[in-house]
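Undergrad: For reference, the structure I am asking about is given below.
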Amino acid sequence: MSSWRRVYEHEPDVKGPDGGHRCRWCGGAPEFLDYHDREWGFPVRDDRRLFEKLSLEGFQSGLSWRTILAKRENFRAAFRGFDIDDVARFTQRDVTRLLKDAGIVRHRGKIEAVINNAKRARELVNLHGSLAAFIWKYEPDAATLDQPQTASTSATSIALSKDLKKLGWKFVGPTTVYAFMQAMGLINDHIQACVVRTRVAKARARFRKPRSNSDL
Numbered sequence: 001m002s003s004w005r006r007v008y009e010h011e012p013d014v015k016g017p018d019g020g021h022r023c024r025w026c027g028g029a030p031e032f033l034d035y036h037d038r039e040w041g042f043p044v045r046d047d048r049r050l051f052e053k054l055s056l057e058g059f060q061s062g063l064s065w066r067t068i069l070a071k072r073e074n075f076r077a078a079f080r081g082f083d084i085d086d087v088a089r090f091t092q093r094d095v096t097r098l099l100k101d102a103g104i105v106r107h108r109g110k111i112e113a114v115i116n117n118a119k120r121a122r123e124l125v126n127l128h129g130s131l132a133a134f135i136w137k138y139e140p141d142a143a144t145l146d147q148p149q150t151a152s153t154s155a156t157s158i159a160l161s162k163d164l165k166k167l168g169w170k171f172v173g174p175t176t177v178y179a180f181m182q183a184m185g186l187i188n189d190h191i192q193a194c195v196v197r198t199r200v201a202k203a204r205a206r207f208r209k210p211r212s213n214s215d216l
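Numbering of the sequence shown is given in this note's numbering, commencing with residue 1 and proceeding in unit increments.
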């Protein structure tokens, strides 16, 4: 989990404009509230969105999430909406272009990692039917989870990170993967008092997990 989102259950939470309690981190910047209420923790099965979230968590490594969120539309434009097939076809010319783009984080290693990871994602799609099918195989048993927002890694994030690295993915360490798990809803890590936690729980109850080709 990224340090800016780390908060303990005994720490005071914040209230949104509706008076409802929220996770404390969403009070850190004006743009956090909408992201917290509408995106963070809601289950995702769309491959493009999953690839975007994992890529942006990689870019966030060593930086603040506020920086990444503020640049998200620029990232989307620069990486063609994080379409996996499009990004997988990027060449060195695209790397050069991206290194000149002041609207994103101009870190060669991270840029090249996204392109590499798009190629690896295509391999997973070919094998499992979708990136989502592969990711959701790692959903942990809720009974085994720590109290919300008290951890920065978990047994699941370590296992998923290890397996992704074996498959050739880059910038997918256990902490980055844990933040990704929180963001895309593999776990519901909203604090118990947060009004969005219940919304996420309902969304998870309706959610249909994608099945891998290997499960058919």
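Positions of the beta carbon are idealized from the N, C-alpha and C atoms, including for glycine.
State whether the stretch 22-29 contacts the stretch 192-205, with contact taken as three or more CB pairs (one from each stretch) at a distance under 8 Å.
TA: Yes, the stretch 22-29 is in contact with the stretch 192-205.
Undergrad: Could you have a look at residue 100 and say whether DSSP puts it in helix, strand or coil?
TA: On the sequence shown, residue 100 is found 100 positions in, with the first residue counted as 1. Of the three classes helix, strand and coil, the one that applies to residue 100 here is coil, per DSSP.
Undergrad: Identify, in the order they occur along the chain, each residue of the same chain with its Cβ nearer than 8 Å to the Cβ of residue 60, setting aside the five sequence neighbours on each side.
TA: One-based indexing of the sequence shown puts residue 60 at position 60. Excluding residues within five positions, the ones whose Cβ falls inside 8 Å are 2, 67, 68, 176 and 179.
Undergrad: Which residue wins for smallest C-alpha separation from residue 82, given the options 141, 48 and 164?
TA: Locating residue 82 in the sequence shown gives position 82, where the first residue counts as 1. Looking at the Cα atoms, 48 is the closest of the given residues.
Undergrad: Sorted by chain position, which residues of the same chain lie with C-beta nearer than 8 Å to residue 135's C-beta, five sequence neighbours on each side aside?
TA: Residue 135 sits at position 135 when you count from the first residue of the sequence shown. Once the five neighbours on either side are set aside, the close Cβ partners of residue 135 are 50, 160, 184 and 186.
Undergrad: Rounded to the nearest angstrom, what separates residue 58 and residue 18 at their Cα positions?
TA: In the sequence shown, residue 58 corresponds to position 58, counting from 1. In the sequence shown, residue 18 corresponds to position 18, counting from 1. Answer to the nearest angstrom: the Cα atoms are 33 Å apart.
Undergrad: Output the distance between the C-alpha atoms of residue 204 and residue 97, rounded to the nearest integer angstrom.
TA: To locate residue 204, count along the sequence shown from 1; it is residue 204. To locate residue 97, count along the sequence shown from 1; it is residue 97. Each residue's Cα considered, the two are about 39 Å apart.
Undergrad: Can you tell me whether DSSP reads residue 48 as helix, strand or coil?
TA: Against the sequence shown, residue 48 aligns to sequence position 48. The answer is helix: DSSP assigns residue 48 an H, G or I state.
Undergrad: If you drop the 5 nearest sequence neighbours on each side, which residues of the same chain put their C-beta closer than 6 Å to that of residue 54?
TA: Along the sequence shown, one-based indexing puts residue 54 at 54. These residues qualify, in order along the chain: 180.
Undergrad: List the DSSP bridge partners of residue 221.
TA: Outside the shown range of the chain (1 to 216) lies residue 221, about which nothing can therefore be said.
Undergrad: Are residue 93 and residue 99 close, meaning C-beta to C-beta below 7 Å?
TA: Indexing the sequence shown from 1 puts residue 93 at position 93. Indexing the sequence shown from 1 puts residue 99 at position 99. No, these two residues do not count as a Cβ contact at 7 Å.
Undergrad: Roughly how many whole angstroms lie between the Cα atoms of residue 166 and residue 41?
TA: Counting from 1 along the sequence shown, the entry for residue 166 is found at position 166. Counting from 1 along the sequence shown, the entry for residue 41 is found at position 41. For residue 166 and residue 41, the distance between alpha carbons rounds to 26 Å.
Undergrad: Got a sec? Which residues, its chain only, sit under 8 Å from residue 9 by beta carbon, not counting five neighbours each side?
TA: Within the sequence shown, the letter at position 9 stands for residue 9. For residue 9, the pLDDT reaches just 44, beneath the cut-off of 50, and the residue's location in the model is therefore unreliable, leaving the point undetermined.
Undergrad: Tell me, to the nearest whole angstrom, how far the beta carbon of residue 103 is from that of residue 74; I am working on the premise that it is less than 8 Å.
TA: Within the sequence shown, the letter at position 103 stands for residue 103. Within the sequence shown, the letter at position 74 stands for residue 74. Indeed they touch by this definition, with Cβ atoms about 3 Å apart.
Undergrad: Please determine, among 123, 137 and 118, the residue with the shortest C-alpha to C-alpha distance to residue 89.
TA: Position 89 of the sequence shown, counting from 1, holds the residue named residue 89. For the residues 123, 137 and 118, the minimum Cα distance to residue 89 belongs to 118.
Undergrad: Give me the Cα-Cα distance between residue 116 and residue 169, rounded to the nearest whole angstrom.
TA: Numbered from 1 along the sequence shown, position 116 holds the residue referred to as residue 116. Numbered from 1 along the sequence shown, position 169 holds the residue referred to as residue 169. Residue 116 and residue 169: Cα-Cα distance of roughly 7 Å.
Undergrad: Contact check, residue 45 vs residue 210 under 8 Å by CB: the rounded distance?
TA: As a position in the sequence shown, residue 45 is number 45, starting the count at 1. As a position in the sequence shown, residue 210 is number 210, starting the count at 1. That pair is a contact at about 5 Å.
Undergrad: Following the continuous alpha helix (DSSP H) through residue 67, name the residue where it begins and the one where it ends.
TA: The residue you call residue 67 lines up with position 67 of the sequence shown. Per DSSP, residue 67 belongs to the alpha helix (DSSP H) from 65-70.
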